[in-house]
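Asks: Going line by line, the protein sequences match chains A and B. So for the first sequence, my numbering puts the first residue at 38; every next one is plus one. So for the second sequence, my numbering puts the first residue at 38; every next one is plus one. One structure, pasted below without further comment.
There are 2 protein chains.
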Amino acid sequence: MSPQQTIWKALADPTRRGIIRALKGGSKTAGELADEFPMTRASLSHHFNALKAAELVRTERRGQHIVYSLNTSVLDDVAAILMDLFARNGKDDKE
Amino acid sequence: MSPQQTIWKALADPTRRGIIRALKGGSKTAGELADEFPMTRASLSHHFNALKAAELVRTERRGQHIVYSLNTSVLDDVAAILMDLFARNGKDDKE
DNA sequence: CATTCATTTAGATATTTGTCTAAATATCTG
DNA sequence: CAGATATTTAGACAAATATCTAAATGAATG
Chain A
38 MSPQQTIWKA LADPTRRGII RALKGGSKTA GELADEFPMT RASLSHHFNA LKAAELVRTE
98 RRGQHIVYSL NTSVLDDVAA ILMDLFARNG KDDKE
Chain B
38 MSPQQTIWKA LADPTRRGII RALKGGSKTA GELADEFPMT RASLSHHFNA LKAAELVRTE
98 RRGQHIVYSL NTSVLDDVAA ILMDLFARNG KDDKE
């Protein structure tokens with residue numbers, strides 16, 4: 038799957054957009070995120086994988102915990118993709 | 038499904054993003070679009086429906102043809118949704 | 001080192017999605 | 001009106017997705 042499609046698919050799920058929103062205020066551990074979303078940790082882990090595949094989040098192990106944070110450098114790329122798609126007079130880029 | 042989720046799902050498919058790109062230059066009939074995408078007209082019609090459900094495109098019958106065009110007023114809403122999701126210091130809107 | 005806590009992986013299942021073929025609907029033209 | 005053209009709808013099917021339970025892995029601590 039193309040990197041761009043991976044990003045779009047990651048964003049298409051409301052839980053994953055919720056995770057992004059939850060991380061906007063700062064990093065959180067998998068457990069902290071799990072407390073905010075009403076599903077099993079296994080299911081959430083699947084969503085984490087989708088976000089990692091899109092490089093929208095980064096992870097870092099801190100002792101017993103795994104800390105998730107937004108990958109801000111990729112957010113700029115995403116913004117560019119969106120601008121390309123929606124710009125009224127954008128150039129007709131290949132995907 | 039929430040209007041916002043309808044939009045995200047519509048955008049998650051590469052064919053549908055291709056249709057949006059194809060319409061950026063101006064309106065096209067269903068047949069003209071069909072010539073650009075390698076699938077049956079029936080399949081394309083399904084994609085048109087997804088885009089219409091998200092109000093990303095409008096249709097207008099012109100004689101024997103149906104003309105598709107971008108719904109530019111909704112594009113602004115989409116931009117706002119994206120800005121909300123990605124803004125570094127955005128407010129924590131409910132979805 | 002054995003136990004506990006945190007997280008992920010494996011495997012199963014129901015639902016959704018994208019595509020197709022075939023048939024239906026709508027409009028134009030002779 | 002009858003036939004031709006344009007588009008959509010209906011129904012079927014394979015592949016992808018989101019979720020779950022159960023088991024496995026990794027790290028900290030007594």
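Each residue gets a CB set at the ideal place from its N, CA and C atoms; glycine is no exception.
B/L93 and B/L60: beta carbons closer than 7 Å?
Replies: The beta carbons of B/L93 and B/L60 sit no closer together than 7 Å.
Asks: Mind checking which residues open and close the beta strand (DSSP E) that includes B/L107?
Replies: 102-107
Asks: Alpha carbon to alpha carbon, how far is A/L112 from A/L88?
Replies: 12 Å
Asks: Which chain A residues sit within Cβ distance under 8 Å of B/A67?
Replies: Neighbours of B/A67 on chain A: none; closest Cβ ~20 Å, over 8 Å.
Asks: Verify the CB distance criterion: does B/F74 have a CB-CB separation below 7 Å to chain A?
Replies: no
Asks: Looking at the C-beta of B/K89, does it have a partner C-beta in chain A at a distance below 7 Å?
Replies: Contact of B/K89 with chain A is not assigned, every C-beta pair being separated by 7 Å or more.
Asks: On the CB-based measure, 16 or more other CB atoms within 10 Å of its CB, does B/R53 come out buried or exposed?
Replies: buried
Asks: Output needed for A/A90: all residues of its chain with C-beta closer than 6 Å, excluding positions within five of it in sequence on either side, in chain order.
Replies: Within the same chain, T43 come within 6 Å of A/A90 by CB-CB distance, once the 5 residues on both sides are set aside.
Asks: Select from B/M38, B/P51, B/W45 the residue whose C-alpha is nearest the C-alpha of A/P40.
Replies: B/P51
Asks: Run down chain A in chain order and give the residues with a C-beta less than 7 Å from the C-beta of B/F123.
Replies: What B/F123 touches in chain A: L112, V115, A116.
Asks: Would you please verify whether the beta carbon of B/P40 is less than 7 Å from any beta carbon of chain A?
Replies: no
Asks: State the Cα-Cα distance for the pair B/H83 and A/Y105, rounded to the nearest angstrom.
Replies: 37 Å
Asks: So, at 7 Å on beta carbons, what are the nonlocal neighbours of B/L70 in its own chain, with the 5 sequence-adjacent residues on each side left out?
Replies: I56, A59, L81, Y105
Asks: Under 7 Å, Cβ to Cβ, is there at least one residue of chain A near B/A49?
Replies: yes
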